[in-house]
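Note that the sequence shown covers residues -33 to -1, 1 to 276 in mature numbering (1 follows the signal peptide of the UniProt record, and there is no 0).
Notes follow once the structure below has been shown.
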Amino acid sequence: MGDQSRMTLSFASRLWRRGVLLVCLLLSAPAWSADILLTAAEDGAGVQVFTQALAQQRPEDHVTFTPLKDLPAPSQLPASTRLILLDLPGLDWRLQDAQGPPTLVLRISRIQARQRLGNTHPAKISLLWSDPPLARQLNLIANILPQARRIGVLYGADSEFLLRELAQYAAPMGLEIVPQLWDNVSDSRPLQNLLKNSDVLLGLDDPQLYNPKTVKNLLLSSYSQQLPLVGPNAGFVKAGSLASTYSDQADWLDVLDRLLDHSPASWPRTLYPEHFKVVGNPQVARSLGIEQVDEAAVAARLAEGEKRP
């Protein structure tokens, strides 16, 4: 009986140790893993770098990139897939099928979404805006140009819908939005009229108005009136505008990491990145007699302001 008892105790001990080991493994393993599929029409170096960065950030998940041309219809993808679209052709493909998996759309502006969706918003699609938030751009102006009160805004048929929202943000700040329709970019008179009645120009991210063909006229006209242009995006600051807010790859990866930690049912319908940066053009500031923008300090002040209710 003694030998049998010892054998029973030994067997029970092994079972207990195995049980403890199994519990430890379960506790150390991720609660779940996801199949994350990125797609775009073009498979360029930037897309690959972004995909690799997301995969490194989420090692427990299965992160892959497949060119759009190699994908089936959205409804043929597993429902558990978390789909990330990196360009507008990807969104056009996704909109063809209401039964596709939960989808995050990157690199889309408010204007681009309006052109494709109108006032509708399909289910299971979350839009992550690429253009700077209007309120954030106004706060940027208030920080770097505190004397400016009249904010001149050129708009076209595609961007007119943003004016009401812009005015709503401006009013509590004591700012006045001075709108000017520019439906023919070959005619400089609307631009000249706006410059005479504004303290600063705020560029909307409208490619019909702000593009390589209009940049020279816009910047030379504003310089001649000693009037700064803020926005419409970081690329335009390199071309000659004074400053803008923007979100880079690290900011977008942070957004995706946070969203992918939660069920798609909780994903917001639309979202601006919480994290952002400020870029300024020192040469433009000097030529206009304006203090150079302290990018890090201004970004920190804006972020702090957005945290306060």
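Cβ coordinates follow ideal geometry from the N, Cα and C atoms, glycine included.
Here P39 is not near P68, since their CB atoms are 8 Å or more apart. When C-alpha distances from S211 are compared across P99, Q23, A22 and W219, the shortest belongs to P99. DSSP, reduced to helix, strand and coil, places R117 within a strand of the structure shown.
For S153, the secondary structure class from DSSP, reduced to helix, strand or coil, is coil.
Cβ contact annotation for A20 (same chain, cutoff 8 Å, sequence separation greater than five): Q216 and L220, in chain order. The shortest C-alpha to C-alpha distance from W149 to any of S233, T181, L105 and L35 is the one to T181. Comparing alpha carbon positions, the residue from P34, A270, N110 and L53 closest to L223 is L53. DSSP places V30 inside the beta strand (DSSP E), whose first and last residues are H29 to F32. V16 counts as exposed, since fewer than 16 other C-beta atoms from the protein chains shown sit within 10 angstroms of its C-beta. Between S233 and L194, the C-beta spacing is not below 8 Å. Contact check for D172 and S93: beta-carbon distance about 19 Å, past the 8 Å limit, so the pair fails to qualify.
Looking at the backbone, the Cα of A46 and that of N178 are separated by about 40 Å.
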